[in-house]
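Student: Attaching a single structure in structure tokens format; questions to follow.
Number of protein chains: 2
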Amino acid sequence: MTTSSGLDREVETRLAEHRIRYTSGRQILVRALAGAEGPLSAAELHDEVSGALPLSSIYRSLAVLEEAGVLAPHHGTKGLTRYELAEWLKGHHHHLVCIDCGAVEDVTVNDHHENQVDRVVNEISSKAAFTAFNHALEIEGRCARCA
Amino acid sequence: MTTSSGLDREVETRLAEHRIRYTSGRQILVRALAGAEGPLSAAELHDEVSGALPLSSIYRSLAVLEEAGVLAPHHGTKGLTRYELAEWLKGHHHHLVCIDCGAVEDVTVNDHHENQVDRVVNEISSKAAFTAFNHALEIEGRCARCA
DNA sequence: TTCCTTGCAAACGATTTGCATTGGA
DNA sequence: TCCAATGCAAATCGTTTGCAAGGAA
Numbered sequence: 067m068t069t070s071s072g073l074d075r076e077v078e079t080r081l082a083e084h085r086i087r088y089t090s091g092r093q094i095l096v097r098a099l100a101g102a103e104g105p106l107s108a109a110e111l112h113d114e115v116s117g118a119l120p121l122s123s124i125y126r127s128l129a130v131l132e133e134a135g136v137l138a139p140h141h142g143t144k145g146l147t148r149y150e151l152a153e154w155l156k157g158h159h160h161h162l163v164c165i166d167c168g169a170v171e172d173v174t175v176n177d178h179h180e181n182q183v184d185r186v187v188n189e190i191s192s193k194a195a196f197t198a199f200n201h202a203l204e205i206e207g208r209c210a211r212c213a
Numbered sequence: 067m068t069t070s071s072g073l074d075r076e077v078e079t080r081l082a083e084h085r086i087r088y089t090s091g092r093q094i095l096v097r098a099l100a101g102a103e104g105p106l107s108a109a110e111l112h113d114e115v116s117g118a119l120p121l122s123s124i125y126r127s128l129a130v131l132e133e134a135g136v137l138a139p140h141h142g143t144k145g146l147t148r149y150e151l152a153e154w155l156k157g158h159h160h161h162l163v164c165i166d167c168g169a170v171e172d173v174t175v176n177d178h179h180e181n182q183v184d185r186v187v188n189e190i191s192s193k194a195a196f197t198a199f200n201h202a203l204e205i206e207g208r209c210a211r212c213a
């Protein structure tokens, strides 16, 4: 296989550690997600790649990539699960979730504000019998298109 | 109908404004959710009330109660939608989401920390073409039972 | 009486899986 | 060669809906 970008190389390495092949179908999905504004569902990816991959293969690849820690799932409206690159690949961020169309947009905040969020998360998890691995501020509202 | 608690009275009033009846089935659901640690799915509620209500009625009541602003949905693992009392009934809070079993536990933080979160939310929504209505800090990790 | 609500069963849509085939190391 | 990966079709599972019966105002 020919790695064509730093992203591909990172993903390939991670998958190799799990003895999983970075096939062309999986590359297509990873690249589609790398170019997206936010998480995409299997159906949205199917459209995005113009049906180049059958839905069942998309579902299987998404599951494998999630298992390997390459993708992270986001559960949204109407029982749709959308996927995005894991944070070690795309950086820590938060979500703007449209209550009308369900679209999710990624946002980042400056370090100062992120530190404040971290402090709140630490306080919460230290008080609860709960081991925190990650967090995201989910902001619900109406996106520009649905306004 | 005999209102048996302040909660029932508040819900009944709200539903009356929408010309919706606060039937016994709906009372059962609202009370079950009032006594829960976090959001519950239709199936979980079905179990919780020992099948006293058929699933289809539970789904219909949940939809009606959400429409009336009595319940708020939470989208979780495996495409399950869980419901909880809306924030005007139970107060603002955040979520601890178990990545293993999918259970969601509610948590609250003190005013100081909540203000910090608010500031971050305001900064984000002011910079994005997005009208924020609500937010929740979703903390992913492993709950005590799954640890 | 008049609507709202309920229950059952059938329909739906997102996701999963069995199985035979293909393809990469 | 050998096993992972794929594609198709059928199966699953959460959820929704049509329709006739029940219940409250």
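Keeping their order, the protein sequence lines are chains A and B.
Taking the numbering used here, the leading residue of the first sequence gets 67, the next gets one more, and so forth.
Taking the numbering used here, the leading residue of the second sequence gets 67, the next gets one more, and so forth.
Beta carbons are placed, not taken as given, at the ideal position from N, Cα and C, and that holds for glycine.
Computed from a predicted structure; not experimentally measured.
1) Just curious, the alpha helix (DSSP H) that residue 166/B is in, first and last residue?
2) Any chance the stretch 178 to 186 of chain A sits against the stretch 166 to 173 of chain B, with 3 or more Cβ pairs inside 8 Å?
3) For residue 102/A, tell me which candidate among 208/A, 151/A, 209/A and 197/A has the shortest Cα-Cα distance.
4) Going straight from the alpha carbon of residue 161/B to that of residue 203/B, what length do you get?
5) Would you list the one or two residues that DSSP bridges to residue 160/B?
6) Closer than 7 Å by C-beta to residue 105/B: which residues in its own chain qualify, once you throw out the five before and the five after it? Chain order, please.
7) May I have a chain-ordered list of the alpha helix (DSSP H) segments no shorter than 4 residues that lie completely inside the stretch 98 to 135 of chain A?
8) Taking 6 Å as the limit between beta carbons, can you name the residues of its chain near residue 205/A, skipping five residues before and five after?
9) Please confirm if residue 199/A has its CB atom under 7 Å from at least one CB of chain B.
10) Report the neighbours of residue 189/B on chain A: residues whose CB is nearer than 7 Å to its CB, in chain order.
11) Between which two residues does the beta strand (DSSP E) harbouring residue 151/B extend?
12) In or out: residue 222/B buried (at least 16 other Cβ within 10 Å) or exposed?
13) Let me confirm a value: residue 201/A is counted as buried when at least 16 other C-beta atoms fall within 10 Å, else exposed. Which label applies?
14) Quick one: is residue 168/A near chain B, going by C-beta distance under 7 Å?
15) Just to check my reading of the structure: residue 121/A and residue 95/A have Cβ atoms closer than 8 Å, yes? What is that Cβ distance to the nearest angstrom?
16) Can you give me the Cβ contacts of residue 69/B inside the same chain, cut-off strictly under 7 Å, excluding the 5 residues immediately before and after it?
17) For chain B, is any of its Cβ atoms less than 7 Å away from the one on residue 124/A?
18) Is the beta carbon of residue 124/A closer than 7 Å to that of residue 108/A?
19) Please report how far the alpha carbon of residue 185/B lies from the alpha carbon of residue 212/A, in whole angstroms.
20) At a CB-CB cut-off below 8 Å, which residues of chain A make contact with residue 136/B?
21) Classify residue 207/A as helix, strand or coil using the three-state DSSP reduction.
22) Buried or exposed for residue 82/A, please, with buried defined as at least 16 other CB atoms from any protein chain shown within 10 angstroms of its CB.
23) Work out the CA separation of residue 136/B and residue 88/B for me, nearest whole Å.
24) Can you tell me the Cβ-Cβ gap for residue 97/A and residue 134/A, rounded? I've got them flagged as a contact below 8 Å.
25) By a C-beta neighbour count over all protein chains shown, 10 Å radius and 16 as the cutoff for buried, is residue 127/A buried or exposed?
26) So what does residue 200/A bridge to, in DSSP terms?
27) So, with DSSP's three-state summary, where would you put residue 141/A?
28) If you drop the 5 nearest sequence neighbours on each side, which residues of the same chain put their C-beta closer than 6 Å to that of residue 176/B?
Tutor: In terms of the structure at hand:
1) Per DSSP, residue 166/B belongs to no alpha helix (DSSP H) and is neither H nor E.
2) no
3) 151/A
4) 6 Å
5) 173/B
6) 140, 148, 149, 150 and 170
7) 108 to 114 and 121 to 133
8) 162
9) yes
10) 175 and 179
11) 147 to 151
12) With chain B running from 67 to 213 in the structure shown, residue 222/B is simply not present.
13) buried
14) no
15) The Cβ separation is near 12 Å, so there is no contact.
16) At residue 69/B, the pLDDT of 45 sits below 50, so the modelled position is not reliable; the number obtained from the coordinates is stated separately. Hits under 7 Å: 75 and 78.
17) no
18) yes
19) 24 Å
20) Ordered by position in chain A, no residue passes the 8 Å Cβ test against residue 136/B, which lies about 17 Å from the chain.
21) strand
22) exposed
23) 11 Å
24) Between residue 134/A and residue 97/A the Cβ distance is about 16 Å, and since that is not below 8 Å, they are no contact.
25) buried
26) 206/B
27) strand
28) none
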